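A.B. asks: Before we start, here is the structure in question, set down as C-alpha cells.
Residue numbers (the UniProt record's numbering): 1 to 137.
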C-alpha cells in the first residue's frame, strides 16, 4: 500500500477543483495523468487501488481538508485521457494548515521547496501518513 498527498486548487481560474466544494463524501473524481505543462505527473504510475490519500486545498486555503482512497486503476476516460479514480472518504473536521505540517519534525525536509500547484501528488511514507492522521484526530 502507498500513501499520497494530493493537491487541489479551488482558486485556479482555468480549472478550479476543491476537496471540500467539488467532491462530497463517497464521490469519485477522475484524476488525470498530465500536469498543466502536459507532462506526466511524478508518481502517477505508482498509484494503486487501495492506496490512501490525504487531500490538500492549495491556493488561499493551504490546508489538509479530506481523506480519500484510490478506487480505480489507471485507465482511459471518455476523452482518451489516462486517469485514476479517487474517492473522498472523509472531511477533516478541523483542517490542518501547511504551516502546522511544516512545524512537525517528521516533515522538516519534505517541503523545503513548498507545495506545488494544483494536481501535484506527493509520496508519503507510512510514518508521515500516520503522523498526519494523528494531527487530524
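The C-beta atom is built at its ideal place from N, Cα and C for all residues, glycine as well.
All values reported here derive from a predicted model rather than from experimental measurement.
If contacts are defined as beta-carbon pairs under 8 Å, then residue 65 and residue 19 qualify, I think. What distance do you get, rounded to the angstrom?
C.D. replies: That pair is a contact at about 5 Å.
A.B. asks: Three or more C-beta pairs under 8 Å: does that hold for the segment 99-110 against the segment 69-84?
C.D. replies: Flag = no, the segment 99-110 and the segment 69-84 do not touch.
A.B. asks: Please report the straight-line C-alpha distance between residue 62 and residue 21, rounded to a whole angstrom.
C.D. replies: Residue 62 and residue 21: Cα-Cα distance of roughly 14 Å.
A.B. asks: Is it buried or exposed for residue 50, if we count other Cβ within 10 angstroms and need 16 for buried?
C.D. replies: Residue 50 is exposed by the Cβ-count criterion.
A.B. asks: Taking its Cβ as the centre, do 16 or more other Cβ atoms sit within 10 Å of residue 127, making it buried, or is it exposed?
C.D. replies: Answer is exposed; the Cβ neighbour count stays below 16.
A.B. asks: Going residue by residue through the UniProt domain "EVE" (2-135), where are the continuous beta strand (DSSP E) segments of at least 3 residues, counting only ones entirely within it?
C.D. replies: The UniProt domain "EVE" (2-135) contains these whole beta strand (DSSP E) runs: 3-8, 28-32, 52-57, 63-76, 82-97 and 121-124.
A.B. asks: Assuming the contact rule is C-beta atoms closer than 8 Å, residue 84 and residue 47 should be a hit. Round their C-beta distance to whole Å, please.
C.D. replies: Confirmed, about 5 Å.
A.B. asks: Hey, residue 55 and residue 67 are a contact pair by Cβ (cut 8 Å); roughly how many whole angstroms apart?
C.D. replies: Their Cβ separation, rounded to whole angstroms, is 7 Å, which keeps residue 55 and residue 67 in contact under 8 Å.
A.B. asks: Are the CB atoms of residue 132 and residue 4 nearer to each other than 8 Å?
C.D. replies: No, the Cβ-Cβ distance between residue 132 and residue 4 is not below 8 Å.
A.B. asks: Nearest by alpha-carbon distance to residue 93: which of 43, 137 and 9 is it?
C.D. replies: Minimum Cα distance to residue 93 is reached at 137.
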